[in-house]
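>
Protein chains in written order, with this note's numbering: chain B, -12 to 173; chain V, 30 to 231.
So, in structure tokens, the structure goes:
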């Protein structure tokens, strides 16, 4: 395991042109196989470079077809692909056009459309509400006090229901439930 | 009238820039510089010398057509090998060319009869052993040691991540040590293989 890791680090150091970590150097000093790998890896550059001319000389000599290049010309393929790209196929073009129309409609409906003016019924309801405020005995504060009193009634009803539920549970389960003050916000 | 500088003294990138500007002569010089290198690179993944030659021709034709898209900020060799790699892959997919891992005796068949006896060109033992490695290991080794590319350039040329290239090179070195390393390493590898064989079939 250590040998594998050490060789990996040796390879990595060779690729990045740096020195392997100290622990790898210590390991290679002890391990013959890893030392061999390090030496072999280190020698590859010069050995491959020395053998390269022989490899290239062994490759067969063959003529290049320069006439084809001149015939093809530079950028011809590029221009052809540009023309292809500019030609629209009917189905994708129709789909794209439909999408654009749909998007335009949505934009018109949601964003650009002006708000609908309130109807006569809505106006009458608003006027009636305002009149009821004005007709209250103490004006606006009176309306607010009335709303608060109905909330207080609701709260009392809820408290009574909870208290009766707690009594039932105490009697049924033979336990004692202490009553504490509720939070102020309640 | 100014005399044009001989093409042999110019760098690949300068020649590619001139070819992009429309100089066929500069492109010819580039092709001459790289045709054998490209042949050696492509040969192990193709079935015959003829296939490799065709692939080299096709690659240069494609490069010449697309020379306008060459960016001089990058090395010409990276661009060339990237294109060659893509061409080889697409050709393999189209024609289903048999990919053969060359045996050392087959690699000897690459020798040019005009080049004279092997002794004249020097030993190619290490490259011959590298040719027999599969899974893109030879390509990675060629780009690293034959073309002196760094990991990033190899990754671009092979269309792989840098990590994958590092792993490929590490495996190639390990396998190469077994095949062409010093005698004790080879003996150890052979003994290990024999032991595995004995436990499996013995």
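Every residue gets a Cβ at the ideal spot worked out from N, C-alpha and C, and that includes glycine.
(1) Note down the Cα distance separating residue 33/B from residue 41/B, rounded to an integer number of angstroms.
(2) If you drop the 5 nearest sequence neighbours on each side, which residues of the same chain put their C-beta closer than 7 Å to that of residue 132/V?
(3) If you reduce the DSSP assignment to three classes, tell me which class residue 47/V lands in.
(4) Give the range of the alpha helix (DSSP H) segment to which residue 161/V is assigned.
(5) In the DSSP assignment, the alpha helix (DSSP H) including residue 52/V goes from what residue to what residue?
(6) Are residue 111/V and residue 185/V closer than 9 Å when you measure CB to CB?
(7) Closer than 8 Å by C-beta to residue 201/V: which residues in its own chain qualify, once you throw out the five before and the five after it? Chain order, please.
(8) Within the 9 Å Cβ cut-off, does residue 104/V reach chain B?
(9) Would you mind reading off the limits of the alpha helix (DSSP H) that contains residue 32/B?
(10) Taking only beta carbons into account, state which residues of the stretch 66 to 91 of chain V come closer than 7 Å to chain B, listed in chain order.
(11) If you count every other CB in all the chains shown that lies within 10 Å of the CB of residue 93/V, and 16 or more means buried, which is it?
(12) At the level of alpha carbons, what is the spacing between residue 113/B and residue 85/B?
(13) At least one CB of chain D closer than 9 Å to the CB of residue 173/V: is that the case?
(14) Look at the alpha carbon of residue 108/V and the alpha carbon of residue 101/V, and state the distance between them as a whole number of angstroms.
(15) Rounded to a whole number of angstroms, what is the C-alpha to C-alpha distance between residue 30/B and residue 178/V?
(16) Name, please, each residue of chain V whose Cβ falls closer than 8 Å to the Cβ of residue 85/B.
(17) Do residue 60/V and residue 51/B count as a contact pair if the criterion is CB distance below 9 Å?
With the structure as the only source:
(1) 14 Å
(2) With a pLDDT of only 47 at residue 132/V, under 50, the local geometry of the prediction cannot be trusted, and no value is derived from it.
(3) helix
(4) No alpha helix (DSSP H) contains residue 161/V, which DSSP labels as neither H nor E.
(5) Element bounds for residue 52/V: n/a, residue is neither H nor E.
(6) yes
(7) 159, 162, 166, 167, 169, 170
(8) no
(9) 19 to 45
(10) 66, 68, 69, 78, 82, 86, 89, 90
(11) buried
(12) 43 Å
(13) Among the protein chains in the structure shown, which are B and V, there is no chain D.
(14) 10 Å
(15) 17 Å
(16) Within 8 Å Cβ-Cβ: nothing; residue 85/B doesn't reach chain V, min ~35 Å.
(17) yes
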